[in-house]
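Data block below; observations after.
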Amino acid sequence: MRISEVAKSMDLPISTIRYYEQIGIITDEYVLRDQNNYRIYATDIIHHLNVVKHCLAVGFSLQDIKSMISKNGMSKEEHVSLIQMKIAEIEAAQKKLDESKQNLYDILKLDITCEKGFGKY
Numbered sequence: 001m002r003i004s005e006v007a008k009s010m011d012l013p014i015s016t017i018r019y020y021e022q023i024g025i026i027t028d029e030y031v032l033r034d035q036n037n038y039r040i041y042a043t044d045i046i047h048h049l050n051v052v053k054h055c056l057a058v059g060f061s062l063q064d065i066k067s068m069i070s071k072n073g074m075s076k077e078e079h080v081s082l083i084q085m086k087i088a089e090i091e092a093a094q095k096k097l098d099e100s101k102q103n104l105y106d107i108l109k110l111d112i113t114c115e116k117g118f119g120k121y
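When we follow full-length UniProt numbering, the leftmost residue of the sequence shown carries the number 1, and every step to the right adds one.
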């Protein structure tokens with residue numbers, strides 16, 4: 001597949017695919033060069049990029065993903081631990097958001113107006 005086909009298939013900009021190559025998210029095993037030195041991608045690049053997209057969607061950073069790729073395989077225990085750590089991060093963020101929301105409700109209960117300046121009645 002050419003880079004434009006991969007980009008269209010994955011709904012990604014070509015620049016993103018090049019960037020992923022540059023930082024090691026897309027490894028050499030997925031990229032070949034034809035006689036004109038154009039990139040030709042293996043068909044399993046689609047599955048690889050789908051995994052990357054899912055990892056990004058649940059909050060893993062590109063650096064996290066790069067680390068997982070460079071490790072070239074993880075034990076089940078490492079995999080479970082990594083996911084549990086991400087769940088803990090999400091739960092902590094949810095707790096912080098819930099606290100912030102409650103603080104905003106508390107401010108509303110104070111019936112503060114700003115007509116005479118912030119926080120003045």
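Ideal Cβ positions, reconstructed from N, Cα and C, are used throughout, including at glycine. These numbers come from a predicted model, not from an experiment.
Put simply, the backbone Cα of L56 is about 7 Å away from that of L62. Fewer than three Cβ pairs drawn from the stretch 32 to 51 and the stretch 70 to 89 lie within less than 8 Å of each other, which leaves the two stretches out of contact. Straight-line measurement puts the Cα of D44 at about 12 Å from the Cα of T27. In the structure shown, Y30 falls within a helical segment according to DSSP collapsed to helix, strand and coil.
The continuous alpha helix (DSSP H) containing I45 extends over residues I45 to A57.
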